[in-house]
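Participant:
Protein chains: 2
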Amino acid sequence: MPKPAPRRITIIDVARHAQVSTTAVSKVLRNAYGASPAMRAKVQQAIDELGFRPSAAARGLRGQTYTIGVMLPDLRNLFFADILDGITTQLGDTDYQVLLAPGCNGEQAEARVIDAMIDRSMDGLVLIAPVSSKTRLNTVARSVPTVVVGRHGSATTYDSVTDDDVAGAALVVDHLADLGHRRIAHIEHHETDPVRLAEMPNAQRANGYRDAMRARGLADEIDIASTSYTHHGGYAGAKELLSRPHRPTAIFAGADVVALGAMEAIAEAGLTIPDDISVVGYDNSALAAFGPISLTSVDQDGREMGANAARLVIDRIADRTRRTVQVKLTPSLAVRRTTAAPVQGAEVNSASPAPTE
Amino acid sequence: MPKPAPRRITIIDVARHAQVSTTAVSKVLRNAYGASPAMRAKVQQAIDELGFRPSAAARGLRGQTYTIGVMLPDLRNLFFADILDGITTQLGDTDYQVLLAPGCNGEQAEARVIDAMIDRSMDGLVLIAPVSSKTRLNTVARSVPTVVVGRHGSATTYDSVTDDDVAGAALVVDHLADLGHRRIAHIEHHETDPVRLAEMPNAQRANGYRDAMRARGLADEIDIASTSYTHHGGYAGAKELLSRPHRPTAIFAGADVVALGAMEAIAEAGLTIPDDISVVGYDNSALAAFGPISLTSVDQDGREMGANAARLVIDRIADRTRRTVQVKLTPSLAVRRTTAAPVQGAEVNSASPAPTE
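In order, the protein sequence lines correspond to chains U and L.
With full-length UniProt numbering applied, the first sequence covers 1 to 357.
With full-length UniProt numbering applied, the second sequence covers 1 to 357.
(1) Taking 7 Å as the CB-CB limit, is E264 (chain U) close to chain L?
(2) By the DSSP assignment, the alpha helix (DSSP H) with M263 (chain L) in it spans what residues?
(3) Mind checking whether E221 (chain U) and R247 (chain U) have CB atoms under 7 Å apart?
(4) Restricting to runs no shorter than 4 residues, where is the alpha helix (DSSP H) found entirely within the segment 173-200 of chain U?
(5) Mind listing the chain L neighbours of V98 (chain U)? Cutoff is C-beta to C-beta under 7 Å, in chain order.
(6) Leaving out the 5 sequence neighbours to the left and right, which residues in its chain are closer than 7 Å to A341 (chain U) when beta-carbon positions are compared?
(7) Use the C-beta contact count for H175 (chain L): other C-beta atoms within 10 angstroms, 16 or more gives buried, fewer gives exposed.
(8) Can you tell me whether DSSP reads S26 (chain U) as helix, strand or coil?
(9) Skipping 5 residues on each side, what residues in its chain have a beta carbon closer than 7 Å to that of L78 (chain L)?
(10) Could you tell me the distance, in whole angstroms, from the CA atom of A35 (chain U) to the CA atom of Q19 (chain U)?
(11) Quick one: which chain U residues come within Cβ less than 9 Å of L260 (chain L)?
(12) So which of L:R205, L:K328 and L:V172 has the shortest CA-CA distance to R216 (chain L)?
(13) From the DSSP output, read off the bridge partner residues of I314 (chain L).
(14) How would you call D95 (chain L), buried or exposed, if buried means at least 16 neighbouring beta carbons within 10 angstroms?
(15) Since D115 (chain L) is in the alpha helix (DSSP H), which residue starts that stretch and which ends it?
(16) In terms of residue numbering, what span does the beta strand (DSSP E) encompassing T321 (chain L) cover?
(17) With burial defined as no fewer than 16 other Cβ atoms inside 10 Å of the residue's Cβ, what is the status of N202 (chain L): buried or exposed?
(18) So residue 381 (chain L) and S297 (chain L) are supposed to be a Cβ contact under 8 Å. How far apart are they, rounded?
(19) Any chance the segment 122-129 of chain L sits against the segment 68-87 of chain L, with 3 or more Cβ pairs inside 8 Å?
(20) With burial defined as no fewer than 16 other Cβ atoms inside 10 Å of the residue's Cβ, what is the status of D163 (chain L): buried or exposed?
(21) Would a check of beta-carbon distances place A334 (chain U) closer than 7 Å to chain L?
(22) On the criterion of 16 or more Cβ atoms from any shown chain inside 10 Å, does T192 (chain U) qualify as buried, or is it exposed?
(23) With 7 Å as the limit, tell me which residues of the segment 66-89 of chain L have their beta carbon closer than that to any beta carbon of chain U; keep them in chain order.
(24) Which residues does DSSP pair with S332 (chain L) in a beta bridge?
(25) Would a check of beta-carbon distances place A167 (chain U) closer than 7 Å to chain L?
(26) Rounded to whole angstroms, what's the CA-CA distance from A5 (chain U) to V14 (chain U)? Just pull it up for me.
(27) I'd like to check one pair, L137 (chain L) with A310 (chain L): are the Cβ atoms closer than 7 Å?
(28) Are the beta-carbon atoms belonging to E264 (chain U) and G291 (chain L) less than 7 Å from one another?
(29) Could you tell me which of U:F252, U:T10, U:R336 and U:I83 sits nearest to D301 (chain U), measuring between CA atoms?
(30) With a CB to CB cut of under 7 Å and the five nearest residues on each side skipped, what residues in its chain are close to A346 (chain U)?
(31) When the cut-off is 7 Å and only beta carbons count, does R53 (chain L) lie next to chain U?
(32) Spatial neighbours of D165 (chain L) within its chain, please: C-beta separation below 7 Å, excluding the five flanking residues on both sides.
(33) Tell me which residue opens and which closes the beta strand (DSSP E) that G281 (chain U) is part of.
(34) Based on the DSSP secondary-structure assignment, which residues constitute the bridge partners of S143 (chain U)?
(35) Mind checking which residues open and close the alpha helix (DSSP H) that includes T88 (chain U)?
(36) Taking just the CA atoms, how far does V98 (chain L) sit from P331 (chain L)?
In structure tokens form, the structure reads like this:
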């Protein structure tokens, strides 16, 4: 038979064991003034011997839960694991515990998850690539110290950490154009909301692609498939691009997961990477570096982004009225085996599986 | 200038707005007897109009936080994302919110994370593949309703959900032996602790491999590299196996991430999969199904495991004294392109990069 749950050790037990007053124990627990080093040592010993764990709920009512809530849009995007590593490493020596809220898909699910974190009195929030409206983000940030990762645009209520996505897209176009490609296509995440078009990294990458194509004199070659930043979005986007009259010789996918989907569609069409077509991703996730994939990809340094986000949220918890900070990091390009010079004549559409023209 | 945080709406505001007593509001919030449907409707309307959010910390002191803590050993193992999907889907319609504690690596980090979840008064815990001692798991489970996923052995304090890992390993050996392989090697996770040797899935898979090899009359061909269930562990394990006098014609890696590392070492050695060597993983994660990888792998149905874990933890929260339940699921094999019949003469060691004999 399972034993019943043992009674929880309380502050009263600790006081009795240490032979001090409960007020003294409380002072030590709150790190308050007036607790002598000797008192601290005595109380700490009693805490250790009894295995006392102060309830975080009780601490929450006193003002702090020592919890940072991190909202992740997608556990399967390994780039987010890099950001999280940066956050946990940065918080490693502090009393803060990171708790992740998973599985946000769209504004409604996101609202529910953010509410749940606020309800649980988290001391600070790190929201990764949120899709919520600006109004909503401002409301959240006014109630809890908040750092937003991966969203551009000005903000007066929260700090933000972004990668320069326009520069990242330019790195890709320049790399491909330097190799001799002209028909460089892009798979973007479909977006219609005007605020998101201005703030989301996906929209910035699409803009950066267009700008860079123009800057290289390739304005007429701009060719975009508008799907989603998912494996399937990449697959569908590449299928669409391959069936167009002038097949691209290179595809710039807006994220590594998108590139993987594109690679699957390219293989299905009987084409070879990079001989028939070059592919570039974005995020330089562990997958991109994985030998058999070896995907050329833009490196955003997720760990650095995460470390910055953690530092900012701790600063903001300490001083909620300070001016907002925006950290913008500069990306680099990791060149691997999915990009090469176009083969002469590859622009001819003969190898395309189902030419529509 | 950022605005100061607005005052939090309290139960008093709700009572005033609804023109009822605070006791009445409290009753409705606690779902207590004695609150009429009319009263409920009135209070609910005031809650909606004011945007009142009852503090989960305050609810925590009343006994429930409606939070399930899930401990994940590794965010980069995509199989865990499947388990999590199962958990969140199962809890979808309930009031429970899932919060993940990430980044456990070893017993000490695990202890810290579990303590943090207990401190935050979580209603129940789902521990995925914990490495803690049995004593420690029992202590945790006596204090919080707990479900352990992916750990064998009997338990009187917590429920468990496992895959039949011995059967899974047998599926792999039988598949490879049916194809004609005899030199089937295994990459295991190095383990010395006697309890873990009996309870951890990795140890069960290694045992299952040995049993199945014996059952197929291949006892003399048993060949194990003992590394770790990581990408690097797979890489190092495969390198070791490939340098042995009698190179295997097939490698059974204990997890998909391990198989990916092995594939990298095999490619580096100038060998082709499956022509020179077959590779099998375990978990059937999204990576295994990904076209260019197309890894034969044992399917544990992580979603089903997660759904069972969520159901059990909710049941246990409702009745902490009920008898423990052990759910054991039966795996299947997803056959893909990394396994084929051995080429005649492939057992001769000529293609090995650095033969030692």
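From the three backbone atoms N, C-alpha and C, an ideal C-beta is built for every residue, glycine too.
Facilitator: Short version:
(1) One-based indexing of the first sequence puts residue 264 (chain U) at position 264. With 7 Å as the cut-off, E264 (chain U) counts as an interface residue toward chain L.
(2) Locating residue 263 (chain L) in the second sequence gives position 263, counting from the first residue. Segment D256 to E268, the alpha helix (DSSP H) holding M263 (chain L).
(3) For the purposes of this step, residue 221 (chain U) is taken as residue 221 along the first sequence, with counting starting at 1. For the purposes of this step, residue 247 (chain U) is taken as residue 247 along the first sequence, with counting starting at 1. Inclusion of E221 (chain U) and R247 (chain U) in the CB contact set at 7 Å is not warranted, their separation being larger than that value.
(4) Correct list: 194-199.
(5) For the purposes of this step, residue 98 (chain U) is identified with residue 98 of the first sequence, where counting begins at 1. In chain order: P102.
(6) Looking up residue 341 (chain U) in the first sequence gives position 341. Excluding five sequence positions before and after A341 (chain U), the CB atoms of its chain that fall closer than 7 Å to its own CB belong to L179 and G180, given in chain order.
(7) Here residue 175 (chain L) refers to the residue found at position 175 of the second sequence. Result: buried.
(8) Within the first sequence, numbered from 1, the residue matching residue 26 (chain U) stands at position 26. Looking at S26 (chain U) - three-state DSSP - the assignment turns out to be helix.
(9) To locate residue 78 (chain L), count along the second sequence from 1; it is residue 78. When the five nearest sequence neighbours on each side are left out, the beta carbons in the same chain lying within less than 7 Å of the beta carbon of L78 (chain L) are those of S285, A286 and L287, in order along the chain.
(10) Your numbering for residue 35 (chain U) matches position 35 in the first sequence. Your numbering for residue 19 (chain U) matches position 19 in the first sequence. The straight-line gap from Cα to Cα measures roughly 15 Å.
(11) For the purposes of this step, residue 260 (chain L) is taken as residue 260 along the second sequence, with counting starting at 1. The contacting residues are F290, G291 and P292.
(12) To locate residue 216 (chain L), count along the second sequence from 1; it is residue 216. The candidate whose alpha carbon is nearest that of R216 (chain L) is L:V172.
(13) For the purposes of this step, residue 314 (chain L) is identified with residue 314 of the second sequence, where counting begins at 1. The partner list for I314 (chain L) (beta bridge, DSSP) is empty, contrary to what the question assumes.
(14) Along the second sequence, read from residue 1 onward, the residue named residue 95 (chain L) stands at position 95. Exposed, since its Cβ has fewer than 16 Cβ neighbours within 10 Å.
(15) Within the second sequence, numbered from 1, the residue matching residue 115 (chain L) stands at position 115. Here the alpha helix (DSSP H) through D115 (chain L) covers E107 to D119.
(16) Here residue 321 (chain L) refers to the residue found at position 321 when the second sequence is read from its first residue. Note, T321 (chain L): premise wrong, no beta strand (DSSP E); not H, not E.
(17) Here residue 202 (chain L) corresponds to residue number 202 of the second sequence, with the count starting at 1. Under this definition N202 (chain L) is a buried residue.
(18) With chain L covering 1 to 357 only, the question about residue 381 (chain L) has no answer from this structure.
(19) Touching, per the Cβ criterion.
(20) In the second sequence, the residue the question calls residue 163 (chain L) occupies position 163. So D163 (chain L) ends up on the buried side.
(21) As a position in the first sequence, residue 334 (chain U) is number 334, starting the count at 1. Cβ-Cβ to chain L under 7 Å: no for A334 (chain U).
(22) Residue 192 (chain U) sits at position 192 when you count from the first residue of the first sequence. It counts as exposed.
(23) If the cut-off is 7 Å between Cβ atoms, the segment 66-89 of chain L has T67, L75, R76, L78, A81, L84 and T88 near chain U.
(24) Locating residue 332 (chain L) in the second sequence gives position 332, where the first residue counts as 1. S332 (chain L) is bridged to L:D299.
(25) By 1-based counting over the first sequence, the position of residue 167 (chain U) is 167. Chain L contact via Cβ: absent.
(26) Taking the first residue of the first sequence as position 1, residue 5 (chain U) is located at position 5. Taking the first residue of the first sequence as position 1, residue 14 (chain U) is located at position 14. Low confidence applies to A5 (chain U): its pLDDT is 47, below 50, so where it sits in the model is not reliable, and the reading given next is rough at best. The straight-line gap from Cα to Cα measures roughly 19 Å.
(27) For the purposes of this step, residue 310 (chain L) is taken as residue 310 along the second sequence, with counting starting at 1. For the purposes of this step, residue 137 (chain L) is taken as residue 137 along the second sequence, with counting starting at 1. No, the Cβ-Cβ distance between A310 (chain L) and L137 (chain L) is not below 7 Å.
(28) As a first step, residue 264 (chain U) must be located in the first sequence, where it is residue number 264. As a first step, residue 291 (chain L) must be located in the second sequence, where it is residue number 291. In this structure, G291 (chain L) lies closer than 7 Å to E264 (chain U) by Cβ.
(29) One-based indexing of the first sequence puts residue 301 (chain U) at position 301. Ranked by how close their Cα comes to the Cα of D301 (chain U), the residues U:F252, U:T10, U:R336 and U:I83 have U:I83 in first place.
(30) Start at 1 with the first residue of the first sequence, and residue 346 (chain U) comes out as number 346. Because the pLDDT of A346 (chain U) is 48, which lies under 50, any placement of that residue in the model is unreliable, and the question is left without a value.
(31) On the second sequence, position 53 is the one that residue 53 (chain L) refers to. Yes, R53 (chain L) counts as interfacial toward chain U.
(32) Numbered from 1 along the second sequence, position 165 holds the residue referred to as residue 165 (chain L). Once the five neighbours on either side are set aside, the close Cβ partners of D165 (chain L) are P201, Q204, R205 and G208.
(33) On the first sequence, position 281 is the one that residue 281 (chain U) refers to. Per DSSP, the continuous beta strand (DSSP E) segment holding G281 (chain U) begins and ends at S278 to Y282.
(34) Residue 143 (chain U) sits at position 143 when you count from the first residue of the first sequence. BP columns for S143 (chain U) are empty, so no partner.
(35) For the purposes of this step, residue 88 (chain U) is taken as the residue at position 88 of the first sequence. It spans L78 to L91 - the alpha helix (DSSP H) in which T88 (chain U) sits, taken as one unbroken run.
(36) Numbered from its first residue, the second sequence carries residue 331 (chain L) at position 331. Numbered from its first residue, the second sequence carries residue 98 (chain L) at position 98. If you take the alpha carbons of P331 (chain L) and V98 (chain L), they lie about 26 Å apart.
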